[in-house]
Amino acid sequence: MHPGKGEAESAGVDFPRLMRRRFVWLVSLAAGLAASVIAAVLVGTLGPIGPGIPEYISFREAVGAIFLQEGDWPSYFSDVFWDVRIPRVLLAAAVGASLACAGTAMQAVFRNPMADPYIVGVSSGASVGAVVAGLMGFATIAVIGALITPALAFTTALLTVFVVYSLGVVGGKVYVNTLLLSGVAVAAFLGAVVSVLIYFAGQQYHRIIFWLLGSLSLASWSAFAVVAIAAAIGIVLVFISSRDLNALLLGEETAHNLGVDPEGLKTLMLVVAAVMTAAAVAFTGVIGFVGLIIPHMVRLVVGADHRILVPAATMSGAIFLIWADTAARTIIAPTELPVGIITALCGGPFFLYLLRRNRLAGEDR
Amino acid sequence: MRLEVKNLSYSFGDKKVLKDVSFDVRPGEFMGLMGPNGSGKTTLLRCIMNYLGPPEGSILIDGQELQGCPPEKLARTFAVVPQSSSTDFTFSAYDIVMMGRIPHRASKFAGPSREDADAVRSAMERTRTWTMASRPFFALSGGERQRVIIARAVAQQPEAFLLDEPTVYLDINGQLEVMDLIRSLNEEEGLTVIAVLHDVNVAARYCDRIALLSNGRLEAIGPPADVLTPEVIQSVYGVEVAVRKDPFTDAVYVMPRSTVAPAPRHGRRVHVLCGGGAGGPVLKAIADAGYGVSTGVLNVLDSDFENASDLHIPAVPEVPFAAVSDAAHEENLRLIRESETVVVSPFPVGPGNFRNLEAAEHALRSGKRVIVLMPGDPSSVDFVGGRAAEAIKGLIRSGAIEVKSLDEALKRLQGPSG
Chain A
-11 MHPGKGEAES AGVDFPRLMR RRFVWLVSLA AGLAASVIAA VLVGTLGPIG PGIPEYISFR
49 EAVGAIFLQE GDWPSYFSDV FWDVRIPRVL LAAAVGASLA CAGTAMQAVF RNPMADPYIV
109 GVSSGASVGA VVAGLMGFAT IAVIGALITP ALAFTTALLT VFVVYSLGVV GGKVYVNTLL
169 LSGVAVAAFL GAVVSVLIYF AGQQYHRIIF WLLGSLSLAS WSAFAVVAIA AAIGIVLVFI
229 SSRDLNALLL GEETAHNLGV DPEGLKTLML VVAAVMTAAA VAFTGVIGFV GLIIPHMVRL
289 VVGADHRILV PAATMSGAIF LIWADTAART IIAPTELPVG IITALCGGPF FLYLLRRNRL
349 AGEDR
Chain B
220 MRLEVKNLSY SFGDKKVLKD VSFDVRPGEF MGLMGPNGSG KTTLLRCIMN YLGPPEGSIL
280 IDGQELQGCP PEKLARTFAV VPQSSSTDFT FSAYDIVMMG RIPHRASKFA GPSREDADAV
340 RSAMERTRTW TMASRPFFAL SGGERQRVII ARAVAQQPEA FLLDEPTVYL DINGQLEVMD
400 LIRSLNEEEG LTVIAVLHDV NVAARYCDRI ALLSNGRLEA IGPPADVLTP EVIQSVYGVE
460 VAVRKDPFTD AVYVMPRSTV APAPRHGRRV HVLCGGGAGG PVLKAIADAG YGVSTGVLNV
520 LDSDFENASD LHIPAVPEVP FAAVSDAAHE ENLRLIRESE TVVVSPFPVG PGNFRNLEAA
580 EHALRSGKRV IVLMPGDPSS VDFVGGRAAE AIKGLIRSGA IEVKSLDEAL KRLQGPSG
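Which chain is which? The protein sequence lines are A and B, in order.
Under this note's numbering, think of the first position of the first sequence as -11, with each following residue one higher.
Under this note's numbering, think of the first position of the second sequence as 220, with each following residue one higher.
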């Protein structure tokens, strides 16, 4: 009864083949991620690939500026790559990975493929902190190295999550539906607060809006370090919980029967996702859709098993945000768009397409 | 696995849901937990799977206290099958069954091993779900899904199954399929089964013993035939039922009686000649229409005799498998004299009960109204080589009213008997 190669769809599952296929997926994504980082570093207003504004340079010059101290090119080439471009691409990767991984975890905890990393109030909380920082005269949102805004945004994001979490917990038990609604209510309230603050923002108005739409222009090595550390810890914790997340999706009673502690798991995932997301949002503002569509899309391709889904979605999120940011900074060079606009422009229609395709496929079964 | 429940009580806040419940489940037994909604059966099951906080009293698994049992060990002891499972996520059936291997993994980092894959495959073959392994779980039918969930439970390699109304959302086909599968796992693999069941007849058919709960107390426990008696069911569920034996499986079979109040009595009397089960609907319809009904002569093991006693209708009895005796025949004629109408139902006429047709002839001769209910040809009820068909035709020739349906018979009954 062993299924032949072609008929795996109709009968049984060839276990070694399944494992091989997953391995191939992960290796391909890792290779794609490495290739994306390298390519994106070379694309830009200064680089061998890109709009060539203000300056078009050759591959040899670019590679030389990255890897050699001296050469027959201006010394600022090296500074542009090492101080701006490389940390920015790496930050995009770390933020994309954080959002996609946190989104995957949130969708499992809420047992709802429409959940995203901001569902428990991270974005609205961070926005309040960032806007307050802007108003208080730390008018430094676009200034590299200013850590006050991110610190404040990070703090208010986690405070908000704590409030939402407290509202969703009754007698030590996490009620995800209450949590969801608490998140919506708190986000609406904080949204109003942000609007009021923006109303009085005056000169800071443009910068605040730019932050709210999400941008990687604040990238720096220190920003990358903070986000990368949060992402690394978070991704590992979500990955080792992946089989438990699978069980949770069949219901809490079933999860419990399989030896999983549903309450502990939900709390751990909420905390991990909130910290990862808050760290990312603090430095980049609110970048939408990555945490929603990437897990969703990857699930359609590799299936819902979190053992493969978590690493695949994490790497896909990184790749996606690298290219979205590359587009954001080159499309209307020399100025740049907030990357959140790009992700929403790609994400919205694509999400609708997936939804429709899935709906139709589901209906005629 | 031997399960002992000792003086178990459980409260949700102030509400006591289980009150001092004690029983045990023997290794390899199929135990049904039954009771009306809110009687505490699901709470009892959840206490056994340690899903709720610590209860009062104790639960012992092979002599060991359940409280403090590590979750992984518990997961290898019990596999739970809920009422239904669904997910919005695109898990394949294979993924779902693989989840049963979670309690067997060495560490959180370990991926599925060859051994896990073998356990999943044999569980899926055992439950005939292997062919749907790569299909998305949400695209399967209710019955298929429940079989996949059972495969997941089998892959868990537990000592006992805990089932919470596993067939409540299935059609009759799915219901039998799933219950037969569980029964065969119970019989062939020696799995102990503890199942909350809603349907008394499903419970009667599959369980070795039934524990019946009412208001959080254990009302009765024992083999289905001992627990599912009309008296116990009346007291626990408040419904009037009749209990029979399924002629093929010997399982008891519970039938609810109408809870609709009968029409007001109006004192008019009808005597019904029946037998072999043909009289059931006739007796009930005429009694429900408010007539005083009697019947006879019926052998004591005849299903119409049981029908009559369930409806509290007086019947002239005869010993099982014997022909109608003179005494019984006289008694039958006496009941006919007290009635204004005699209804002849389409009952199978053999040598033993041919005298019941003679009783009808007697009634006609003595001026009683006789209604012959004969939907088909009289020869279809004739098991005496044409004599019965001839007698029935003779009745009609001599003035008996021939009707083709029960409704028509009831209409004619309403008319004056003169």
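Note that the Cβ used here is the ideal one computed from N, Cα and C, for glycine as well.
Bear in mind the structure is a predicted one, so any value in this text is a computation, not a measurement.
One Cα belongs to B/Ile452, the other to A/Pro4, and the distance between them is close to 55 angstroms. By the Cβ criterion, the stretch 199 to 213 of chain A is not in contact with the stretch 292 to 310 of chain B, since fewer than three pairs of Cβ atoms, one from each stretch, lie closer than 8 angstroms. Burial state of A/Tyr106 is buried, judged by a 10 Å Cβ sphere holding 16 or more other Cβ atoms. Residue state for B/Lys612 is assigned as helix, using DSSP reduced to three classes. Beta-bridge analysis with DSSP links B/Leu222 to B/Val244 and B/Ile280. B/Ala546 is positioned such that its CB atom lies no closer than 8 angstroms to that of B/Ile590. The alpha-carbon separation between B/Asp314 and B/Thr448 amounts to approximately 44 angstroms.
Under DSSP, B/Arg588 takes part in a beta bridge, and its partners are B/Thr560.
With respect to the C-alpha of A/Leu258, the residue from A/Leu238, A/His284, A/Ser229 and A/Val286 having the closest C-alpha is A/Ser229. Nearest Cα to A/Ile74 within the set A/Ile310, A/Phe11 and A/Gly91: A/Ile310. Think of a sphere of 7 angstroms around the beta carbon of A/Ala175: no beta carbon from chain B falls inside it, the nearest being about 23 angstroms out. Nearest Cα to B/Ile369 within the set B/Ser353, B/Asn392 and B/Met343: B/Met343. By the Cβ criterion, the stretch 325 to 345 of chain B is not in contact with the stretch 414 to 429 of chain B, since fewer than three pairs of Cβ atoms, one from each stretch, lie closer than 8 angstroms.
Ranked by Cα distance from A/Ile275, the options A/His284, A/Thr265 and A/Pro283 are led by A/Thr265. Contact check for B/Leu552 against B/Pro536 fails: the beta carbons are separated by 8 angstroms or more.
Non-local beta-carbon contacts of B/Phe524 in its own chain, meaning distances under 8 angstroms to residues more than five positions away in sequence, involve Leu517, Asn518, Ala534 and Pro536 in chain order. DSSP, reduced to helix, strand and coil, places A/Met285 within a helical segment of the structure shown. Closest by C-alpha distance to A/Val1, out of B/Glu459, B/Pro475, B/Phe380 and B/Ala312, is B/Ala312. At a cut-off of 8 angstroms between beta-carbon atoms, A/Gly91 makes no contact with chain B. A/Ala139 has its alpha-carbon roughly 11 angstroms from the corresponding atom of A/Leu146. Contact with chain B is absent for A/Arg9, since none of that chain's Cβ atoms lies less than 8 angstroms from the residue's Cβ.
Between the alpha carbons of A/Arg48 and A/Ile54 lies a distance of about 10 angstroms. Nearest to A/Phe142 by C-alpha distance, out of A/Ala85, A/Thr272, A/Ala19 and A/Asp249, is A/Thr272. Here B/Val622 carries a strand assignment [DSSP, helix/strand/coil].
In this structure, DSSP gives B/Val516 an extended state, which the three-state scheme calls strand. The criterion of a C-beta distance shorter than 8 angstroms is not satisfied by A/Ala292 and B/Phe328. For the stretch 219 to 237 of chain A, residues whose beta-carbon sits nearer than 7 angstroms to a beta-carbon of chain B comprise Ile228, Arg231, Asn234, Ala235 and Leu237. With a cutoff of 8 angstroms on beta-carbon distance, A/Val269 and A/Gly305 are scored as not near each other.
Within chain B, the C-beta atoms nearer than 7 angstroms to that of A/Val1 come from Tyr313, Ala352 and Ser353, in chain order.
Cβ neighbours of B/Met250 within its own chain (closer than 6 angstroms, five residues either side excluded): Val244, Ile413 and Arg428.
By DSSP's assignment, B/Glu275 forms a beta bridge with B/Ser228. At a cut-off of 8 angstroms between beta-carbon atoms, B/Glu291 makes contact with chain A. In the three-state reduction of the DSSP assignment, A/Gly91 falls in the helix class. Among the CB atoms of chain A, one or more fall inside 8 angstroms of the CB of B/Val299. For the set B/Asn572, B/Asn269 and B/Lys234, the Cα lying nearest the Cα of B/Glu284 is the one of B/Asn269. The beta carbon of B/Val397 lies closer than 8 angstroms to those of Gly362, Gln365, Arg366, Ile369, Pro385, Thr386 and Leu389 in the same chain, with the five residues before and after it left out.
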